[in-house]
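Q:
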Amino acid sequence: MKKILFILIFFYIHSFADELPDLGSTSDNFINKVHEKKIRHQILSQAYSSKLVERDPELIFYINKLGARLLKGVPELNSKNTTFFTIKDPTINAFAMLGSIIGIHTGLLYAANSESELASVLAHEIAHLSQKHLPRIIEAQSKDKFKTSIAMVFALLMTRSNAQIANAAMQTATASAVQNTLDFTREHEKEADREGLVILNKAGFDERGAVNFFKTLDKANQFSVGAAPYFLRTHPVTLDRISDIEDRLKDFPYRQVSDNPNFKFIKAKMKAFSGEPSDMINIFTENISNKSYGSESAENFALSYAYLRNNQMKKAREILDSIIHLKKISPMIVELEANILKEDGKFIAAQMLYEKALFKNPNYNAYIYGLSEIYIHMNKFEKAVNLIEKALEVYPSDSNLYKLLAEVYSKQQAFHLEYKNLGEYFYFSFDLKESVNQMSLAINASDANFYDKSKAEQRMKEIKAEIVMYESIK
Ligand SMILES: [Zn+2]
Numbered sequence: 000m001k002k003i004l005f006i007l008i009f010f011y012i013h014s015f016a017d018e019l020p021d022l023g024s025t026s027d028n029f030i031n032k033v034h035e036k037k038i039r040h041q042i043l044s045q046a047y048s049s050k051l052v053e054r055d056p057e058l059i060f061y062i063n064k065l066g067a068r069l070l071k072g073v074p075e076l077n078s079k080n081t082t083f084f085t086i087k088d089p090t091i092n093a094f095a096m097l098g099s100i101i102g103i104h105t106g107l108l109y110a111a112n113s114e115s116e117l118a119s120v121l122a123h124e125i126a127h128l129s130q131k132h133l134p135r136i137i138e139a140q141s142k143d144k145f146k147t148s149i150a151m152v153f154a155l156l157m158t159r160s161n162a163q164i165a166n167a168a169m170q171t172a173t174a175s176a177v178q179n180t181l182d183f184t185r186e187h188e189k190e191a192d193r194e195g196l197v198i199l200n201k202a203g204f205d206e207r208g209a210v211n212f213f214k215t216l217d218k219a220n221q222f223s224v225g226a227a228p229y230f231l232r233t234h235p236v237t238l239d240r241i242s243d244i245e246d247r248l249k250d251f252p253y254r255q256v257s258d259n260p261n262f263k264f265i266k267a268k269m270k271a272f273s274g275e276p277s278d279m280i281n282i283f284t285e286n287i288s289n290k291s292y293g294s295e296s297a298e299n300f301a302l303s304y305a306y307l308r309n310n311q312m313k314k315a316r317e318i319l320d321s322i323i324h325l326k327k328i329s330p331m332i333v334e335l336e337a338n339i340l341k342e343d344g345k346f347i348a349a350q351m352l353y354e355k356a357l358f359k360n361p362n363y364n365a366y367i368y369g370l371s372e373i374y375i376h377m378n379k380f381e382k383a384v385n386l387i388e389k390a391l392e393v394y395p396s397d398s399n400l401y402k403l404l405a406e407v408y409s410k411q412q413a414f415h416l417e418y419k420n421l422g423e424y425f426y427f428s429f430d431l432k433e434s435v436n437q438m439s440l441a442i443n444a445s446d447a448n449f450y451d452k453s454k455a456e457q458r459m460k461e462i463k464a465e466i467v468m469y470e471s472i473k
């Protein structure tokens, strides 16, 4: 009936595997909480410094919300310490990593036909984490293989930007050895499928999203040219797996679940930024005239962004006006409107729009960043600081907020505060060494008083201690 399908747990081979720290353990317990903590830190620091990781605040907000909704039904995982990030990559893919991290490709977003389909993949990955499949595999390895496995764990993001390196890496013996060490077994896959259904159910998604997504994948596979990129490790979705899921679906009565409207707008926004603006304008215009789209309003939304990127403000505004009534159902429409106003130099109007929108939706990050930037641009520093400080109460580890604060203080030539906030920015971007550098500049800034200095010194000590802690984990 179906071809073999491919899915989900692909690992990248990191071309710099040789430079990775020695995490080999002499104890019998190959992988423990402390190792995971270090691995988590390393992966996140790579992710934060990678150009391939999508930084769009609305995408991050959306994925985090979706993830949090799914994680509610998973008491084994601490939702605060489980991190999702999205990689700019058109291949359909998602993966779970040690350290409670889940990566998602933009290709997966594009392919998913409904929010439940996307949620089914995330639920499956979350299940790999909650069932501790990776630690279990690693613990089953022999000790010398363990080191390679850890290299694998770090091997997530970077090579995609350089296909040649990736290709070369794949030809080495290490790479192929690595490939074989972290395979999930068929049993793991089945277990993740079953658990994934339970997670989907608890979160109120359509459990049939799982099977529907397999069908989506099958279609994508039929149309894909050639094989999946060779440095990706694929795990086949077998008929056996599908029938196992279908069997279990009998336990779940059918229910109609409608998508969060942001689902289609997020997909549209990512697409609008995925190629040259003029090309994207042509593609969306053609889709609209041929009625070849999943959602007309989402296609128009994408087209408006493409015009915005191409500096055609009048056109961008015109298209936006055709969907402006959707403001009520999605904050993303307001964000687009504000961006058009900003690009058009209408800062006061953008400010007013944001202020009103924040009143209704006070924790929407994109608004907070957007309004802060406008305040900074218009030298309304006090307003900017108030807004950012208030946001930090809700998002104390949001590195962007510290960067914005540093910008305000830089404009005011308040050097101590500028460096201190840059220090926090780097700290929450997982770059501890640079964080220490900035803290040291803050301590030595000409405008730092005794109290400022001793506080910054204390903070620097804490960060240094954390560096030592990570270095001591072998
Ligand atoms: Zn899997």
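The sequence shown begins at 0 in numbering that gives the first Met the number 0 and counts up one residue at a time. Every residue, glycine too, gets a C-beta built ideally from N, C-alpha and C.
Looking at Glu188 and ligand 2, is the gap between the Cβ and the nearest heavy atom below 7 Å?
A: Of the ligands this structure carries, namely ligand 1, none is ligand 2.
Q: At which residues does the alpha helix (DSSP H) containing Thr284 begin and terminate?
A: Locating residue 284 in the sequence shown gives position 285, where the first residue counts as 1. Where Thr284 is concerned, the enclosing alpha helix (DSSP H) stretches over 276–288.
Q: Only counting the same chain, and skipping five residues up and downstream in sequence, which positions put a Cβ closer than 7 Å to that of Ala122?
A: The residue labelled residue 122 in the question sits at position 123 within the sequence shown. Closer than 7 Å at the Cβ level, and outside the excluded window around Ala122, lie Leu69, Gly195, Ile198, Leu199.
Q: If you reduce the DSSP assignment to three classes, tell me which class Thr215 lands in.
A: Position 216 of the sequence shown, counting from 1, holds the residue named residue 215. Correct three-state label for Thr215: helix.
Q: Please state the DSSP three-state secondary structure of Phe429.
A: Stepping through the sequence shown from its first residue, residue 429 is reached at position 430. Note: Phe429 maps to coil in three-state DSSP.
Q: When you compare only the Cα positions, how much space is there between Ile136 and Phe183?
A: Taking the first residue of the sequence shown as position 1, residue 136 is located at position 137. Taking the first residue of the sequence shown as position 1, residue 183 is located at position 184. Distance between the alpha carbons of Ile136 and Phe183: 8 Å.
Q: With which residues is His104 paired in a DSSP beta bridge?
A: As a working note, residue 104 is residue 105 in the sequence shown. DSSP output for His104 lists Ile86 as bridge partner(s).
Q: Candidates Asp430, Ser428, Tyr401: which alpha carbon is nearest Ser418's?
A: Walking along the sequence shown from the start, residue 418 turns up at place 419. Note on identity: in this sequence residue 418 is Tyr, with Ser being the wrong assignment. Closest option to Tyr418, Cα to Cα, is Tyr401.
Q: For Ala191, which residues from the same chain have a beta carbon less than 8 Å from its beta carbon, with the 5 sequence-adjacent residues on both sides left out?
A: The residue given as residue 191 occupies position 192 in the sequence shown. Correct list, in chain order: His123, Glu124, Ala126, His127, Gln130, His132, Phe183.
Q: Should Glu342 and Leu307 be called a contact, given that it needs their Cβ atoms to be closer than 8 Å?
A: Residue mapping note: residue 342 aligns to position 343 of the sequence shown, counting from 1. Residue mapping note: residue 307 aligns to position 308 of the sequence shown, counting from 1. Yes, they are a contact pair.
Q: Taking the Cβ atom as the reference point for each residue, do Phe251 and Ala118 lie within a distance shorter than 8 Å?
A: As a first step, residue 251 must be located in the sequence shown, where it is residue number 252. As a first step, residue 118 must be located in the sequence shown, where it is residue number 119. Their beta carbons are not under 8 Å apart, which means Phe251 does not touch Ala118 by this criterion.
Q: How big is the Cα-Cα spacing for Lys79 and Glu285?
A: In the sequence shown, the residue the question calls residue 79 occupies position 80. In the sequence shown, the residue the question calls residue 285 occupies position 286. Near 43 Å, if we compare the C-alpha coordinates of Glu285 and Lys79.
Q: Is it buried or exposed for Ile241, if we count other Cβ within 10 angstroms and need 16 for buried?
A: Mapped onto the sequence shown, residue 241 falls at position 242. Label assigned to Ile241: buried.
Q: According to DSSP, is Phe272 part of a helix, a strand, or is it coil?
A: Along the sequence shown, read from residue 1 onward, the residue named residue 272 stands at position 273. Phe272 falls in the coil class under three-state DSSP.
Q: Does the CB of Thr81 have a neighbour CB from chain B at under 8 Å?
A: Reference to chain B is not applicable here, since this structure consists of a single protein chain.
Q: Between Ile100 and Thr85, how many whole angstroms is the CB-CB distance? I'm expecting something under 8 Å.
A: Residue numbering aside, residue 100 sits at position 101 when the sequence shown is read from its first letter. Residue numbering aside, residue 85 sits at position 86 when the sequence shown is read from its first letter. That pair is no contact at about 12 Å.
Q: State the CB to CB distance for the pair Arg193 and Leu248, rounded to an integer number of angstroms; the pair is presumed to be in contact (CB under 8 Å).
A: The residue given as residue 193 occupies position 194 in the sequence shown. The residue given as residue 248 occupies position 249 in the sequence shown. Arg193 to Leu248, Cβ: 11 Å. No contact.
Q: Find out if the Cβ-Cβ distance for the pair Val256, Ser115 is shorter than 8 Å.
A: Residue 256 sits at position 257 when you count from the first residue of the sequence shown. Residue 115 sits at position 116 when you count from the first residue of the sequence shown. Contact flag set, yes.
Q: Where do the N-terminal and C-terminal ends of the beta strand (DSSP E) with Ala93 fall, by residue?
A: For this step, residue 93 is matched to residue 94 along the sequence shown. 93–96 is the span of the beta strand (DSSP E), which, as asked, contains Ala93.
Q: With DSSP run on the structure shown, which of helix, strand or coil describes Val210?
A: Here residue 210 corresponds to residue number 211 of the sequence shown, with the count starting at 1. Helix, per DSSP.
Q: Could you tell me the distance, in whole angstroms, from the CA atom of Phe429 to the CA atom of Leu43?
A: Along the sequence shown, one-based indexing puts residue 429 at 430. Along the sequence shown, one-based indexing puts residue 43 at 44. If I take the Cα positions, the gap works out to 7 Å.
Q: Thinking C-alpha only, which one of Ile347, Phe346, Pro330, Glu372 is nearest Phe358?
A: Numbered from 1 along the sequence shown, position 359 holds the residue referred to as residue 358. Phe358 has its Cα closest to that of Pro330, out of Ile347, Phe346, Pro330, Glu372.
Q: Quick one: measure Cβ to Cβ for Ile375 and Val407, integer angstroms, because I've assumed they're closer than 8 Å.
A: Position 376 of the sequence shown holds residue 375. Position 408 of the sequence shown holds residue 407. With a Cβ gap of about 6 Å, Ile375 and Val407 count as contacting.
Q: Could you compute how far the alpha carbon of Ser409 sits from the alpha carbon of Ala455?
A: Working through the sequence shown from its first residue, we reach residue 409 at position 410. Working through the sequence shown from its first residue, we reach residue 455 at position 456. If you take the alpha carbons of Ser409 and Ala455, they lie about 17 Å apart.
Q: Would you decide whether Leu156 is buried or exposed? Buried here means 16 or more other CB atoms lie within 10 Å of its CB.
A: Taking the first residue of the sequence shown as 1, we reach residue 156 at position 157. A caution first: Leu156 carries a pLDDT of 35, below 50, which makes its placement in the model unreliable, though a value can still be read off. Counting Cβ neighbours within 10 Å, Leu156 comes out buried, since at least 16 surround it.
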